[in-house]
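Trainee:
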Amino acid sequence: MRRIKYQDLSGTISLTRFVLIRGFSTSSQLLRSISKPVAQVTKMVGSIGTHDGKFHCDEAFACFILKRLNQFRDYKLIRTRDPAVLNTCDVIVDVGGVYNHSKKRYDHHQIEFNETMQTLGVLDFNTRLSSAGLIYAHYGKQLIAEVSSNVLFLPCFTICVTTSA
């Protein structure tokens, strides 16, 4: 099988005839279709911002959830408290003083913040959410769907749970 090399920002990737079969008659046609100026490629990769300094479980887990999702997998992680830098981020967790899902801002440190799984209509739990809880509330179903679609389920395993009365 003939391999074509293409240099991009992350290194060299191999493209095979399999891709050519899917609508490209020549390798040069394929390369022209995927070649983009560096500025355009850079814009395609987003960023997730969180605070610098000591890390905590809530923002670490929030960032982990986001990076596991196909939508955010290639996003770079930026750790800073500089508002000017944070404002350039596509998603911000655990810093910034704003919770607004439509703007992808997930901080829970505001005095007036009282969101729970119940107030967000996700589950019937009334514990105030952390940044990881906010991310899970908005992206949890998507995460489970994406992760479970990549898991090979083996019917030979059974989990038994017993409870004492």
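Once you know that position 33 of the sequence shown is 33 in the UniProt record's numbering, the rest is easy, because the numbers rise by one and skip nothing. Think of the CB as a built atom: it goes at the ideal place given N, C-alpha and C, for glycine as much as any other residue. Small disclaimer: the values here were computed from a predicted structure and weren't measured.
#1: Can you list, in chain order, the residues of its chain whose CB lies under 8 Å from that of lysine 67, leaving out five sequence neighbours each side?
#2: On the CB-based measure, 16 or more other CB atoms within 10 Å of its CB, does threonine 50 come out buried or exposed?
#3: Skipping 5 residues on each side, what residues in its chain have a beta carbon closer than 8 Å to that of isoleucine 92?
#4: Give the straight-line distance between the Cα atoms of leucine 123 and tyrosine 136, rounded to the nearest whole angstrom.
#5: Quick check for students: name the residue ranges of the alpha helix (DSSP H) that lie wholly in the stretch 42-96, counting only runs of 4 or more.
#6: Taking its Cβ as the centre, do 16 or more other Cβ atoms sit within 10 Å of valine 147, making it buried, or is it exposed?
#7: Based on DSSP bridge pairs, tell me the residues matched to tyrosine 99.
#8: Could you work out which residue in Thr80, Val45, Asn70 is closest to phenylalanine 55 when comparing CA atoms only?
#9: In or out: valine 38 buried (at least 16 other Cβ within 10 Å) or exposed?
#10: Where does serine 35 land, buried or exposed, given buried means 16+ other C-beta within 10 angstroms?
#11: At a threshold of 6 Å, does alanine 84 count as lining the ligand NAD (C-beta to nearest heavy atom)?
#12: Confirm, please, whether the CB-CB distance from serine 131 to aspartate 90 is below 7 Å.
Mentor: Let me lay it out:
#1: Ile48, Arg73, Tyr75, Leu77
#2: buried
#3: Ile48, Gly49, Thr50, Leu86, Val98, Lys104, Arg105, Tyr106, Asp107
#4: 11 Å
#5: 57-68, 83-86
#6: exposed
#7: Tyr106
#8: Thr80
#9: Only weak support is given to the placement of valine 38: the predicted model assigns it a pLDDT of 41, under 50, and the question is left unresolved by the model.
#10: Confidence in serine 35 is poor, its pLDDT being 45 and thus under 50, which makes the residue's placement unreliable; the coordinate value appears in the next sentence. With fewer than 16 other Cβ atoms within 10 Å, it is exposed.
#11: With respect to the ligand NAD, the structure shown offers nothing to examine, as it has no ligands at all.
#12: no
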